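Residues 2 to 431 in our numbering are what the sequence shown lists, from first letter to last. What follows is a set of notes on a single structure, which appears directly below.
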Amino acid sequence: MKWVYIEDIADFKDKEVEIRGWLYNKRSSGKARFLLIRDGTGILQGTIFSTEKDHPLFPKFDSLTQESSIVIRGRIKEDKRAPGGFELEIEDIEVIQVAKDYPITPKEHSTPFLMEHRHLWLRSRKQHAILQIRTELIKSIRDFFDGRGFRLMDTPILTPSACEGTTTLFETEYFDQKAYLSQSGQLYNEATAMAFGKVYCFGPTFRAEKSKTRRHLIEFWMVEPEVAFATLEDAIELGEDLVVYIIQRILEKNKNELEVLERDTQPLEKIKRPFPHITYDEAVKKVTEKGSKMEWGDDFGSPEETLLSEIFDLPVSVTHFPAKIKAFYMQPDPKRSDLVLGMDMIASEGYGEIIGGGQRIHDLKLLEQKIKEHKLPREAYAWYADLRKYGSVPHSGFGLGIERTLAWICKIKHIRETIPFPRLLYKIYP
Ligand code: 4AD
Ligand code: MG
2 MKWVYIEDIA
12 DFKDKEVEIR
22 GWLYNKRSSG
32 KARFLLIRDG
42 TGILQGTIFS
52 TEKDHPLFPK
62 FDSLTQESSI
72 VIRGRIKEDK
82 RAPGGFELEI
92 EDIEVIQVAK
102 DYPITPKEHS
112 TPFLMEHRHL
122 WLRSRKQHAI
132 LQIRTELIKS
142 IRDFFDGRGF
152 RLMDTPILTP
162 SACEGTTTLF
172 ETEYFDQKAY
182 LSQSGQLYNE
192 ATAMAFGKVY
202 CFGPTFRAEK
212 SKTRRHLIEF
222 WMVEPEVAFA
232 TLEDAIELGE
242 DLVVYIIQRI
252 LEKNKNELEV
262 LERDTQPLEK
272 IKRPFPHITY
282 DEAVKKVTEK
292 GSKMEWGDDF
302 GSPEETLLSE
312 IFDLPVSVTH
322 FPAKIKAFYM
332 QPDPKRSDLV
342 LGMDMIASEG
352 YGEIIGGGQR
362 IHDLKLLEQK
372 IKEHKLPREA
382 YAWYADLRKY
392 GSVPHSGFGL
402 GIERTLAWIC
412 KIKHIRETIP
422 FPRLLYKIYP
């Protein structure tokens with residue numbers, strides 16, 4: 002008998018097939034037995050009917066517990082009443098292992114309990130739906146950049162220098178030297194952009210952030226495009242096109258998952274360009290009007306991002322930040338030297354920053370001055386400064402955080418559910 006996956010069963014109507022998976026649930030009523038089997042790609046109902054009180058498969062059926070691993074064989078029938086529109090008339094059940102006392106039962110569990118059992122929690126319907134959307138999100142991002150001629154450049158994880166400030170670095174040993182886990186592939190991407198014109202990297206990044214918020218992970222994934230000759234405005238436009246593209250793809254491909262998550266898709270359907278743009282100055286005014294105590298010169302905290310996120314029903318790009326609160330590599334605003342040509346895109350519906358980026362310094366002298374001001378070790382950045390010696394051009398790029406974007410798309414409260422195994426402040430199990 003042919004082994005098939007549940008997501009493909011529509012092609013096997015009235016055919017005999019084998020499904021390999023785990024018992025999701027079961028029930029009996031009189032002479033009928035129903036089970037739900039999940040195989041990772043979907044959930045299918047299996048049925049056993051008997052004209053008698055007994056059926057040779059009933060004892061086997063009765064022995065099955067939640068998450069027992071099984072192989073079932075039988076004929077696929079179309080049935081409008083069954084979840085998914087198809088069911089399997091079971092002719093045979095093979096039990097691989099009976100699972101005893103599976104800890105996650107259909108009742109409510111506390112979040113700490115579920116987090117301790119993350120390795121099992123992944124099997125739950127909602128968690129499965131979120132991570133299913135994650136795979137589509139990543140695929141859509143790759144398709145977006147590949148379709149526009151960007152070259153994928155993998156940047157290193159072990160690095161000798163900081164990109165996003167020295168306070169959140171994870172230090173490790175590199176033989177007889179110190180090394181740090183990458184906070185961003187950007188600096189290396191600036192080199193590959195000068196070699197390939199337009200590039201992106203996509204990988205895990207690490208920040209030893211002492212922030213315990215719903216938006217911070219210690220290890221998160223980021224996609225970072227970098228484009229030679231591009232300005233701040235070009236980077237904003239690219240970011241907006243990317244966001245529109247990925248939202249459209251998920252609305253199209255993940256209807257079922259969005260339904261499982263009970264996501265109201267209306268706000269997502271409205272996401273079309275043009276998006277609003279405001280300067281940092283205007284943003285500070287808006288959030289203080291809404292009650293924030295922040296002052297000009299402060300960075301936005303989570304509460305300010307939430308406020309901004311609620312003012313607009315589209316993602317909003319904030320630009321022209323005070324240089325003091327941004328990274329050393331940001332190009333100064335030619336009109337106001339205390340500002341830089343940086344941009345953050347704040348998602349709608351209260352989700353905060355999903356994109357950070359902007360235009361990079363391309364003048365050698367200015368870069369050297371900034372490296373000094375930020376007290377960064379000159380030698381470690383010598384190669385980076387080289388890029389400003391040999392055919393330097395204006396260039397821009399950004400980073401989009403996968404987990405923050407996914408939390409927004411799925412409209413889930415906490416970022417910890419958007420990655421299979423979240424690394425959180427002081428938490429590294431499982
Ligand atoms: O704004 P950030 O720090 O920008 C950079 O790292 C730039 N070097 C990117 C670039 O220009 N190539 O981070 C970019 C994005 C944020 O907007 C957010 O979505 C995500 O990365 N991010 C985090 N996501 C989860 N947990 C954290 N601790 C995050 N820190 C940043
Ligand atoms: Mg940022």
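Virtual Cβ for every residue (Gly too), placed ideally from N, Cα, C. Given the structure is predicted, the values throughout are model-derived calculations rather than measurements.
Residue i lies in the alpha helix (DSSP H); which residues open and close that run?
i      : result
Trp384 : Ala383 to Asp387
Met195 : Gln187 to Phe197
Lys376 : Where Lys376 is concerned, there is no enclosing alpha helix (DSSP H), given that its DSSP letter is neither H nor E.
Ala130 : Arg126 to Gly148
Tyr281 : Tyr281 to Glu290
Glu68  : Segment: none, Glu68 is in no alpha helix (DSSP H) and carries neither H nor E.
On the DSSP letters alone, give me the boundaries of the beta strand (DSSP E) that residue i sits inside.
i      : result
Met2   : Note, Met2: premise wrong, no beta strand (DSSP E); not H, not E.
Trp222 : Glu220 to Ala229
Val319 : Val317 to Pro323
Ile410 : Careful: Ile410 lies outside any beta strand (DSSP E), inside the alpha helix (DSSP H) at Ile403 to Cys411.
Considering only the beta carbon of each residue, do residue i and residue j sit closer than 8 Å?
i      : j      : result
Ser349 : Phe313 : yes
Pro205 : Ile158 : yes
Ala236 : Gln332 : no
Asn190 : Met154 : yes
Pro277 : Ser293 : no
Ile38  : Ile20  : yes
Phe197 : Arg152 : yes
Ile91  : Gly47  : yes
Cys17  : Arg76  : The amino acid occupying residue 17 in the given sequence is Glu; Cys does not appear at that position. Yes, these two residues count as a Cβ contact at 8 Å.
Gly353 : Arg216 : yes
Can you tell me which of the three DSSP states residue i falls into?
i      : result
Thr106 : coil
Met116 : helix
His56  : coil
Asp299 : coil
Pro268 : helix
Cys164 : coil
Ile97  : strand
Asn26  : strand
Gly240 : helix
Lys294 : coil
Between the Cα of residue i and the Cα atoms of the options, which residue gives the shortest distance?
i      : options                           : result
Leu252 : Glu354, Thr168, Leu309 and Cys411 : Cys411
Asp15  : Phe87, Gly43, Ala194 and Ile413   : Phe87
Lys267 : Ile248, Tyr281, Val285 and Asp282 : In the sequence under discussion, the amino acid at residue 267 is Gln, which differs from the Lys named in the question. Considering only alpha carbons, the answer is Ile248.
Pro316 : Arg274, Ile131 and Phe62          : Arg274
Lys140 : Tyr246, Ile355, Arg208 and Leu218 : Tyr246
Glu258 : His415, Leu407 and His56          : Leu407
Glu263 : Ile97, Pro431, Ile73 and Ile413   : Ile413
Val261 : Ile71, Ile131, Glu418 and Ala100  : Ile131
Val394 : Ile372, Leu365 and Glu380         : Leu365
Glu1   : Ala11, Val99 and Asp40            : Lying outside 2 to 431, the shown extent of the chain, residue 1 is not represented and no answer is given.
Phe322 : Val285, Ser310 and Leu308         : Val285
Which residues does DSSP list as the beta-bridge partners of residue i?
i      : result
Met331 : Arg361
Ala348 : Gly353
Gly204 : Met223
Val341 : Phe322 and Pro333
Lys32  : DSSP output for Lys32 lists no bridge partner at all.
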